[in-house]
Amino acid sequence: MILPAAVDLLTEDTLRTAVGVLVRLVEAAGAIVIVFGAAVAFWRFFRALPQRDPQAFVPVRLSLGRFLALGLEFQLASDVLRTAVAPTFEELGKLAAVAAIRTALNFFLAREINEEREIVEKRRAAAHQAGGAGQARPTGHAAPTGD
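Here the numbering used here runs 3 ahead of the position in the sequence shown, where the first position is 1.
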């Protein structure tokens, strides 16, 4: 019979081992995303330094925030996986606490990203309007001479 062999193959120990490997892979993916995002933000930060304009750093923060949010999602996924095989009440309590903390971090990070994005969009719209206003002159009126 094939069925008992399949049952033996999926013992709790085998499942724990497989899930343990998956947890490490997902944790590593989250760490890689965060490290990569930090490296990109660091590079963009140094490119924005010569401008000496505080607004030049807003896109850097937005980019880093997106990477951090994605990295936190991977870390939360690894925590959920960790409790997938016969979790104890203690493990479930830890997961709930960690999930609450990471979800709160992600919520505030997402809110800050959205606020920063709105600021950037408003500045772009204002700059676009200011650029267009300087080009259009009503006909029949002389430009001011400065007298």
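The beta-carbon is built from N, C-alpha and C at its ideal position, and this holds for glycine as well. A quick note: this is a predicted structure, and the numbers were derived from the prediction, not measured.
Output needed for residue i: all residues of its chain with C-beta closer than 7 Å, excluding positions within five of it in sequence on either side, in chain order.
i	result
SER81	VAL26, VAL29, GLU30 and GLY33
GLU115	GLY68
ALA44	VAL63, SER66 and LEU67
ILE37	PHE70, LEU71 and GLY74
LEU95	THR86
Once DSSP output is grouped into helix, strand and coil, what is the label at residue i?
i	result
LEU73	helix
ALA87	coil
LEU28	helix
THR14	coil
ARG126	helix
ARG19	helix
ARG55	coil
Return the CA-CA distance between residue i and residue j, expressed in angstroms with no decimal places.
i	j	result
ALA133	VAL24	56 Å
VAL101	VAL88	18 Å
PHE48	SER66	11 Å
LEU84	VAL22	7 Å
ILE122	LYS97	38 Å
THR86	ASP56	47 Å
ARG19	GLU119	42 Å
THR90	ILE35	With the sequence shown as reference, residue 90 is identified as Pro, and Thr is not the correct amino acid for it. The straight-line gap from Cα to Cα measures roughly 27 Å.
LEU79	GLN54	37 Å
GLU93	TRP46	42 Å
GLU124	ALA99	37 Å
Only counting the same chain, and skipping five residues up and downstream in sequence, which positions put a Cβ closer than 6 Å to that of residue i?
i	result
PHE60	ALA51
ALA130	none
I'd like the list of long-range same chain contacts for residue i, defined as Cβ closer than 8 Å, with 5 residues on each side in sequence excluded.
i	result
LEU108	LEU75
ALA72	ASN109, LEU112, ALA113 and ILE116
Could you round the C-beta distance between residue i and residue j to whole angstroms and report it? I think they count as a contact, below 8 Å.
i	j	result
GLN58	ARG105	Not really, about 30 Å apart at Cβ, beyond 8 Å.
How about residue i: is its C-beta nearer than 8 Å to some C-beta of chain D?
i	result
LEU65	The structure shown contains no chain D; it holds only a single protein chain.
Residue i: beta carbon under 7 Å from a heavy atom of the ligand ZN?
i	result
ARG64	Among the components modelled here there is no ligand, and therefore nothing to report on the ligand ZN.
* **Whole runs of the beta strand (DSSP E) within the segment 89-116, excluding any shorter than 3 residues** => none
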